[in-house]
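In my numbering, the protein residues as written are -1 to 321.
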């Protein structure tokens, strides 16, 4: 890929995930404040892989916003595009872990500071100097941040960035599921790389058959590279006439799945940064999916994601052990 200052710049939500962490002496549930937000989680993993990244977004001028800025900066992510809103508080999410590691979310975002990012506040220079621009659908839930997202996408296209999109569907944050479908459809229409989960494939196509669902998406949107994540069952890659499946890693130490998809996405983008997007073969995708599945499996053994992404040698050791 061409020489630019940043490997990946992402725009989107940055928030606090309050995750359950035991009971108090009075028997009340206790929650741990973990930095989160899918686009920034992706960047945090990429930093661990030695890539240079930058984030564009907004937090509140409050205790949680200041904590987030400090934690993100400590990962090495460039936060020159991360702003503080003096009037609107940082978005909060309370995450209940269900049996098997799945999650239920309660969001405090009506509004949240991440929604208040305006088009004129988007750092054009950060995007121009990036090989890949990454975004999700949650930066299109509201008027201000949707305009900011679309401006960023236009800048990325003008400057020959690859566009990476992860729908990251969170139904409670949308005024209607019809609007969610509309904005996810827009994201698919402009991206070069799509990371999409099995439940999102069903949401967008109406089928639980992954291959049929991806076939519908490919026919409509002509996306060059698609990664479908299937939870603990593994993942698939779709590229030209290739369909490659690699099973997941059953991990007895799994405690929750927060950040697993973001970890997978980052490792997939890392492989494409190192190997390019042209003339990829089946072996490339087997290697990519295996590595990304392993990294995602590791993050399910930890609370939170942004601050606890696995190191490169951890992933390699995990693969050697064949866990």
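From the three backbone atoms N, C-alpha and C, an ideal C-beta is built for every residue, glycine too.
Between residue i and the rest of its own chain, which residues show a CB-CB distance below 8 Å, the 5 nearest in sequence each way excluded?
| i | result |
| --- | --- |
| residue 379 | Lying outside -1 to 321, the shown extent of the chain, residue 379 is not represented and no answer is given. |
| residue 75 | 38, 41, 42, 45, 51, 52 and 53 |
| residue 302 | 15, 17, 30, 32, 33, 34, 256 and 257 |
| residue 169 | 175 and 178 |
| residue 271 | -1, 5, 6, 49, 129 and 130 |
| residue 210 | 203 |
| residue 171 | 105, 107, 136 and 139 |
| residue 304 | 32, 33, 34, 35, 38, 39, 42, 69, 70, 73 and 257 |
State the CB to CB distance for the pair residue i and residue j, rounded to an integer number of angstroms; the pair is presumed to be in contact (CB under 8 Å).
| i | j | result |
| --- | --- | --- |
| residue 10 | residue 55 | 6 Å |
| residue 110 | residue 93 | With a Cβ gap of about 15 Å, residue 110 and residue 93 do not count as contacting. |
| residue 44 | residue 15 | Their Cβ separation, rounded to whole angstroms, is 19 Å, which puts residue 44 and residue 15 out of contact at 8 Å. |
| residue 91 | residue 13 | 6 Å |
| residue 88 | residue 62 | 4 Å |
| residue 95 | residue 254 | 5 Å |
| residue 212 | residue 191 | Their Cβ separation, rounded to whole angstroms, is 14 Å, which puts residue 212 and residue 191 out of contact at 8 Å. |
| residue 296 | residue 312 | 6 Å |
On the three-state DSSP scale, how would you describe residue i?
| i | result |
| --- | --- |
| residue 227 | strand |
| residue 317 | helix |
| residue 184 | helix |
| residue 102 | strand |
| residue 30 | strand |
| residue 130 | strand |
| residue 40 | helix |
| residue 244 | strand |
| residue 303 | coil |
| residue 136 | helix |
| residue 1 | coil |
| residue 167 | coil |
| residue 295 | helix |
| residue 285 | helix |
| residue 215 | helix |
| residue 232 | coil |
| residue 82 | strand |
| residue 268 | helix |
| residue 93 | strand |
| residue 147 | helix |
| residue 76 | strand |
| residue 197 | helix |
| residue 56 | strand |
Please report how far the alpha carbon of residue i lies from the alpha carbon of residue j, in whole angstroms.
| i | j | result |
| --- | --- | --- |
| residue 298 | residue 308 | 11 Å |
| residue 142 | residue 257 | 26 Å |
| residue 274 | residue 23 | 54 Å |
| residue 265 | residue 230 | 17 Å |
| residue 195 | residue 202 | 11 Å |
| residue 117 | residue 316 | 42 Å |
| residue 148 | residue 207 | 31 Å |
| residue 125 | residue 25 | 48 Å |
| residue 165 | residue 68 | 27 Å |
| residue 280 | residue 288 | 12 Å |
| residue 246 | residue 215 | 23 Å |
| residue 197 | residue 137 | 20 Å |
| residue 134 | residue 65 | 23 Å |
| residue 177 | residue 107 | 17 Å |
| residue 150 | residue 119 | 10 Å |
| residue 155 | residue 267 | 18 Å |
| residue 115 | residue 260 | 22 Å |
| residue 182 | residue 173 | 14 Å |
| residue 238 | residue 310 | 29 Å |
| residue 36 | residue 121 | 19 Å |
| residue 322 | residue 146 | Residue 322 lies beyond the stretch modelled for the chain, which goes from -1 to 321, so this question has no answer here. |
| residue 81 | residue 319 | 43 Å |
| residue 278 | residue 240 | 9 Å |
| residue 276 | residue 282 | 11 Å |
| residue 123 | residue 205 | 41 Å |
| residue 57 | residue 217 | 38 Å |
Within its chain, find whatever has a CB closer than 7 Å to the CB of residue i; leave out the 5 residues flanking it on each side and keep chain order.
| i | result |
| --- | --- |
| residue 84 | 59 |
| residue 27 | 18 and 21 |
| residue 2 | 127, 128 and 129 |
| residue 189 | 161, 162, 163 and 221 |
| residue 77 | 53, 67, 70 and 71 |
| residue 284 | 242 and 244 |
| residue 187 | 219 |
Can you give me the Cβ contacts of residue i inside the same chain, cut-off strictly under 6 Å, excluding the 5 residues immediately before and after it?
| i | result |
| --- | --- |
| residue 269 | 286 |
| residue 243 | 234 |
| residue 113 | 140 and 143 |
| residue 236 | 212 and 224 |
| residue 306 | 300 |
Would you call the region 242 to 254 in contact with the region 217 to 224, where contact means no fewer than 3 C-beta pairs closer than 8 Å? No, they do not touch.
Touch test, the region 122 to 138 against the region 151 to 160, Cβ-Cβ under 8 Å, three pairs minimum: Taking a cut-off of 8 Å on C-beta distances, the region 122 to 138 touches the region 151 to 160, as three or more cross pairs fall below it.
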